Structures are given as structure tokens and as C-alpha cells.
């Protein structure tokens, strides 16, 4: 890239960030994620004019496919799942750059063919030797794939005659290990081949508009920052509830469980963004520094028996449908101790948050799908009203709805119309859907574009991953040694022990 | 629903809007701006359609100002549309007689509080948009030089009368081209020492692209006529050779650079709703547009 491109003026915000010439190589093209998220995201980016001329997409999988077969699969996935309308011209341009390489991860010849394919794209379509490798495959294949990328010379590029070195990037998805040790091991494998600046860990929650809006809400306004601390906040609840069961993911899920699957990555990242101090700037280094600081200040409860809760969904009725319990799901051992619900009480040992508990919970087969961050404020120290007047007044709250129905709700007391002074809770609401309809790109669109541009702030660094595991490992160890998950009926709001966890502190979960 | 009010007042229109919202079960509305469209009976249909389509992305109150029969006595007719084509509200205001000279007195009470106001002239270019009574109400004033009889004269007049907050759809149409040019020049390339922009004769978008490039690179980049459609080619003469982007069919751009294979990318011409969406996304003054107009004024009008 030129030192300065005079056509890029920071004041000129009509001109979008566009990726430079490159190839995206997709491993695991037959998976759900590829079809439902990645391929549509690639098309949506192309349709919005954010992909460079000559952009090419290469699929790699154990399938006996030709380029056209892969193009057909991509076409169908795009037609079904893309966010923006289907445009033949855009598709035509995109499909000209679609290639497929059949093979297995252990097969040297297949990776040599991959190397030839991308080299050919460089000459035919001018992709400039810049490749991003998206590993949408289970982590057990990572060692094979990265070793093959290194062997076939794909993992790093020689410096060109103009002194310009093409980039090589690798994108990996959660799970980033299943504990601290395995996370470190995984990181060593990837880092042995790709430099840490070339590794992009995708936590798709960080690509969501509402999650990025936490930063805007906190640091672009004067209204909230003064009350965003222990002087005003009573406690914080971070919830990710799912209405579905484990579906066909038994093989992945058994032995992993809700805490490793959701709390370690998504909820810890949400906690970090909610609790962190203001970064000195919004570049990757400053943002990650603040997140790492706050993650290193997270403390687990002293008594893990009363400070945590876990459960397994039992058979029941969820949303009007009779569903089986976790232990009856296909592929799950009848004596499995894997939890499908996990709740944790965490402390954040900083001046801002001392004494303010952060309650994290996630579960499957809960009444509805919902992710939110709720700051529950303290009650007013003195109410100049009679007790009966304020009977229906609860705690003030600020709720950031991550999904669905993205937006922010502020809950406060207001006078009920009438001759008596009666105060009741009301909501003030901001909904993305109303204020910027149809404007939000999918999380994967944003993240893929950031990978291709090489913009890292939204990708967690491995230090963050390790810090999260340091929080969770003792809890997992405690759970492995003590008791087993409590059963909760599918469609209910979780195990009784989770309710007891808050009741002991004189609090209650927000209704799901 | 549609409510027709004849010989009415702004108070009655506001009441009708409030009641319509209640009846439709709507709560506090999430409308983000008021869009005032200054048009005439013949053009209003297309303009309202485009604005409603854009309104799906930016729910807004659309006020359509139509001046009719100045010789009659003063009369205000309103046609209110709520909950039909877009999430916002649309009010067609037909003003008869001398009232037509005081349209701002009708529009001002109907502007949404606490939100920005944008005025759009889809089919006329006022001499100085910011000093037009309808333009003075707004933070953002959208004209369309391409709709004028002489787009070149219209651009000259817009450049002379520019005030921060002015913008033109001819400039909006340039965005995909400018984005592609910027992305192209992100790659290593030699110093730009000249170039041309080819387009249908009198295409104001081409004039603006040429003025922008001339301003940024400090070299003369001229416009050349072609058979269209729209802008068909932008070429740079650089110290490393020629970089050329052609778009002969209005759909696909071909990029040729020294020593590199030809690359292609979709670059379609956009419809009015898409242009409006882009304009409504940002409401702060567009400094780059201002500088481009200034450059156009310096060299553009004289070059033909």
C-alpha cells in the first residue's frame, strides 16, 4: 500500500474501506457456517462494492467437486441466505473467481494443487499473492492444516521485486481450546507458522453492531459514564439464552458444555467491553490492552459451590413442542455430566467495580433466544414518597439488547397518571430496527472485511483467550470433582440453584 | 391509511397525524428526520416513491411541497399517508394561491422536533439552495444537477452559491467510481501526471469526478465525451504507465494496470432510492464536495 493515497481523505466518509487484491481460501466449505454465514457474507460484501476487482474464493474439502460444483453450492447458499438482494452482474463477477480444490488435510498433493491454484489466480486475476485462510474446521485438524500450509509454502510469501511482501492471514473460529493448557497448545501450533499479527480469532459477537455500540454508548456520550461505576450500579447481569437444544452438535458439545462454549468467549468479551476503562484510542493495541486489564482483574467467588450453578435440560415442552432431555439426545452418554446451563458470579477487582457482582448466565432450551447486558442500578438512597406510592418501583436499569431486537432500553420510575402520587417502572427504548432499518451488516460481513483489510481491533488476541480460561478453569475443575448438573425442564428459565445463587444476594435474575 | 384534508391548517394536520399514529397502535415514533421534497404535481409520484424506499432505511416524516394555481385564493390541501409503503409518515401539501409564496410557514410547524431536516429538490435546482425558504429550514440540501436543462450551468450556479450542508445527487452518483478509484490507488503505483474522465456529454457526475481528481492530484484531468451510458472510463497517466478503468455497459468495470492482468468488478449505476439513502446517512457538511465544486469553478466551466 502506498504510504499515502491522496484519494483517501479522512474527511471523505462516502468512500468505504475496500479490501486490496486477495484470495479467500475456505477450509470446511461443507459446514453450516460456510453455507449460512460465510458465503452469503462474501456475496454481500461484493454487492456493496467492498471487495476488490479480481477477488477470488477458493474452497477446499474432501469432496469430488469441480469448480462449477462449488460455484453452484455457493450460489445456492447466497440465494438462500444473503442479506442484500441478488444481483446477476455481481454474482457473475464473483463466480468467475471461484475455484475448488478437492483433497484431505493429510494429502500433500492436494495442498500442492491448492498452491498452484492460488498462484494461477495471481497471474489470471491479479490477486497479488495475498491470501486469507479461513479454517472453518474442528480444531483437531488445525495442526494438519497449518503444517500443510507451511510445507506447501502458502503460509508466508517471499518479498516481491518492488520490496513489497504480500500478506498471508489465518482465520480461526472458537473453540480456542477447552482449557488454558489446550488453548496455549493450539496457539503454539498456529503461531509456529503464522505470526501473531496474522492470526485472526473470530468471536462473531464482536462483529455485531450492538456490541460495538457499547463502546459508542459509553465513550461518545456524557450521560452514562458518570454513573457507570460502583457508586450507582448495584450489579450487572449478562445473559445469553438459547431456545434450541444441542441439535446435531452432540459430538462437539458433550464434554464441552455451556460454560466453555459460551461464557469463556462471548460472555467474557461482553463483560470486558462493559467493565473496561476508556481506551486511549480505538486502535487494536489500546482496545486490547484495556480488555486484557479488565479480564485480569476478574475474580471468581471464593466458594464455588454457592457462587456458581449449572444444569442440564430435561425433557419438557419448549415453545409448544415436546422436546427430549439432554441425556436422551442422540450421541450423548446417559451419564453425561456436561452442563447445558451455566451461571457464574464474578467480581471485578478495580476501583470502578469493587463490590459490584457480575452475574453471567447461559443456557439451552430456555423459553426464548435472547442476549443482553443489564446494568441494574441501586435504588434511590431516600424516597420522599410513602412506601405504598413506590411499591411498584423497581431498580433503574439500562439494558443493552444484543439480540434479537437490537437496541437499548432504559428503565426508570414515572408517575402514574391520576390524582395520587404513584410511581411505577416505565421503559425508554432505542431500537436499531427503528432508527436505522436495514442498515446493519451481518457480523460476519464486518469481520471478513476486517480480515481482508487487516484491521484487527475486533479480534481477540490470544492473551485475552488465555485470561478467560484462567477465570474459567478453576470453575470447570470444581465442577468435575463435585456433584453433577441439576436437571431443569426444557422451556423453563433454568435450574433452581441458579435462582438460589442470586436469591442469596437478595437479587433475582431478569425475566427471560 | 390515507387521510384527505381539504382547505385545512397545519394544526389540523398535526392532530390527524397524532390520531393516525394512535389508531395504528404506534407508540413514540422512531423517525430519524424530516425530509422536505419540493416538487410539482407531475414529478411528485416518482419522488415520493424513491423517498419512501429510502425511508425503509431511514424512517422519516416526508413532507411534499406542491405549489398549484397561484391565481386562485389561498388554500392548503393535505393528503396524509401513514403505515403504508414506509415505516414513516408522508404528507402531501398542496398550496394554492398566494400561500404558495409562503410554503415555509406551512412546513415549519410540521417538522419533527429534535431531529434534522433535509430538503430535496428532485427536478429543479434553486439558484442558492441555502437561501431558498425551503432550504433555509434544513441542515442538508439535496439538489440534482442532472435534472437541470444545462447540468453544467447548474453546477456552476451551485458552486457559486455553495453553503456548508449543500450536496448534489450528481456527486452521490460518483461515490462507487470514487471508491473504486481510491481502492485502485491503494496499490503501489507511480505518480499521477495526467488523466481523463469519459462520459456522455454534459454528464455532471463526470465533471465532478474530473474536478475531484484534478484537485487531489494537482494536475489537469479533463472530461471527454463518449456515447455512455453515464461515466464510461477513467484513466490515469502515471510515471509507471497507464491505469485505466472502463465501464462500457454501465454494469461491469474493467481495470487495467501496467504489468498486471485485467481485473473486473461489478460497478452498477444506482437508482434514486439508493442515492437518497447514501445522502441521508450523513448529515454533516461534505467538505470534499465543497472543494470539488471550488475546483470545478476554477477550471470546469471554461474547459468546453
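Residue numbers (the working numbering), protein chains in the order written: chain A, 521 to 1032; chain B, 1027 to 1330. Don't be surprised by glycine CBs; every beta carbon is placed ideally from N, CA and C. Here the structure is a predicted model, which means the values were calculated and not measured.
Residues near residue i in its chain [Cβ-Cβ closer than 8 Å; skip 5 each side]
i, result
"residue 540 of chain A", "521, 572, 648, 650, 972, 973"
"residue 1291 of chain B", "1206, 1278, 1279, 1281"
"residue 951 of chain A", "925, 926, 927"
"residue 1149 of chain B", "1065, 1066, 1069, 1073, 1170, 1173"
"residue 1053 of chain B", "Residue placement at residue 1053 of chain B cannot be trusted, given a pLDDT of 47 that sits under 50; the coordinates are not used to answer."
"residue 558 of chain A", "546, 654, 656, 964, 968"
Secondary structure of residue i, DSSP reduced to three states
i, result
"residue 773 of chain A", "helix"
"residue 935 of chain A", "strand"
"residue 811 of chain A", "helix"
"residue 724 of chain A", "helix"
"residue 1054 of chain B", "Bear in mind that the predicted position of residue 1054 of chain B carries a pLDDT of just 45, short of 50, making it unreliable; the figure below should be weighed with that in mind. It is coil, neither helix nor strand."
"residue 890 of chain A", "strand"
"residue 865 of chain A", "strand"
"residue 908 of chain A", "coil"
"residue 595 of chain A", "helix"
"residue 638 of chain A", "helix"
"residue 947 of chain A", "strand"
"residue 957 of chain A", "Residue placement at residue 957 of chain A cannot be trusted, given a pLDDT of 49 that sits under 50; what the coordinates show is reported in the next sentence. Three-state result, residue 957 of chain A: coil."
"residue 1025 of chain A", "coil"
"residue 1279 of chain B", "strand"
"residue 1070 of chain B", "helix"
"residue 762 of chain A", "coil"
"residue 838 of chain A", "strand"
Cβ neighbours of residue i in the same chain (closer than 6 Å, five flanking residues each side left out)
i, result
"residue 797 of chain A", "810"
"residue 556 of chain A", "601"
"residue 1224 of chain B", "1250, 1252, 1258, 1259"
"residue 816 of chain A", "987"
"residue 654 of chain A", "546, 691"
"residue 1096 of chain B", "1126"
"residue 582 of chain A", "624"
"residue 1152 of chain B", "1158"
"residue 1195 of chain B", "1170, 1301"
"residue 1222 of chain B", "1248, 1250, 1261"
"residue 544 of chain A", "577, 652"
"residue 1289 of chain B", "1281"
Endpoints, beta strand (DSSP E) assigned at residue i
i, result
"residue 833 of chain A", "828-834"
"residue 744 of chain A", "Where residue 744 of chain A is concerned, there is no enclosing beta strand (DSSP E), given that its DSSP letter is neither H nor E."
"residue 918 of chain A", "917-923"
"residue 1007 of chain A", "1006-1009"
Under 9 Å from the C-beta of residue i: neighbouring residues of chain B
i, result
"residue 925 of chain A", "By Cβ distance, chain B contributes nothing, its closest Cβ being about 13 Å from residue 925 of chain A, past 9 Å."
Spatial neighbours of residue i in its chain, beta-carbon cut-off 7 Å, leaving aside the 5 residues before and after
i, result
"residue 1315 of chain B", "1193, 1197"
"residue 727 of chain A", "963, 964, 966, 967, 978"
"residue 1046 of chain B", "1027, 1029, 1106, 1108"
"residue 1264 of chain B", "1215, 1216, 1217, 1218, 1219"
"residue 874 of chain A", "750"
"residue 844 of chain A", "835"
Beta-carbon neighbours of residue i, restricted to chain A and to distances below 7 Å
i, result
"residue 1243 of chain B", "526"
"residue 1314 of chain B", "529, 531, 532"
"residue 1256 of chain B", "Ordered by position in chain A, no residue passes the 7 Å Cβ test against residue 1256 of chain B, which lies about 15 Å from the chain."
"residue 1308 of chain B", "533"
Interface residues of chain B facing residue i [CB-CB closer than 7 Å]
i, result
"residue 732 of chain A", "Going along chain B, no residue has its Cβ under 7 Å from residue 732 of chain A, so there is no contact; the nearest lies around 17 Å."
"residue 609 of chain A", "1277, 1278, 1292, 1294"
Neighbouring residues, chain B, relative to residue i (Cβ below 8 Å)
i, result
"residue 684 of chain A", "1214"
"residue 713 of chain A", "Chain B residues near residue 713 of chain A: none, gap ~27 Å exceeds 8 Å."
"residue 668 of chain A", "Correct list: empty, because the minimum Cβ distance to chain B is about 28 Å."
"residue 613 of chain A", "1278, 1290, 1291, 1292"
Residue span of the alpha helix (DSSP H) that contains residue i, given as start and end
i, result
"residue 1131 of chain B", "1129-1133"
"residue 729 of chain A", "729-739"
"residue 702 of chain A", "700-711"
"residue 1041 of chain B", "1036-1049"
"residue 664 of chain A", "662-671"
Cross-chain neighbours of residue i in chain A, by beta carbon under 8 Å
i, result
"residue 1304 of chain B", "534"
Inset, instruction - For the region 633-657 of chain A, enumerate the residues whose C-beta is nearer than 7 Å to any C-beta of chain B, in chain order. - result: 643, 644, 645, 646
Legend entry - Contact residues within the region 1276-1293 of chain B, judged by C-beta distance below 9 Å to chain A: 1277, 1278, 1279, 1280, 1281, 1283, 1286, 1287, 1288, 1289, 1290, 1291, 1292, 1293
Legend entry - Members of the region 1194-1209 of chain B near chain A, C-beta cut-off 9 Å: 1197, 1198, 1200, 1201, 1202, 1204, 1205, 1206, 1207, 1208, 1209
Inset, instruction - Below 9 Å between beta carbons is the criterion; list the residues of the region 559-590 of chain A that meet it against any residue of chain B, in chain order. - result: 566, 567, 569, 570, 571, 572, 573, 574, 575
Legend entry - Contact list for the region 1259-1278 of chain B against chain A, Cβ threshold 8 Å: 1277, 1278
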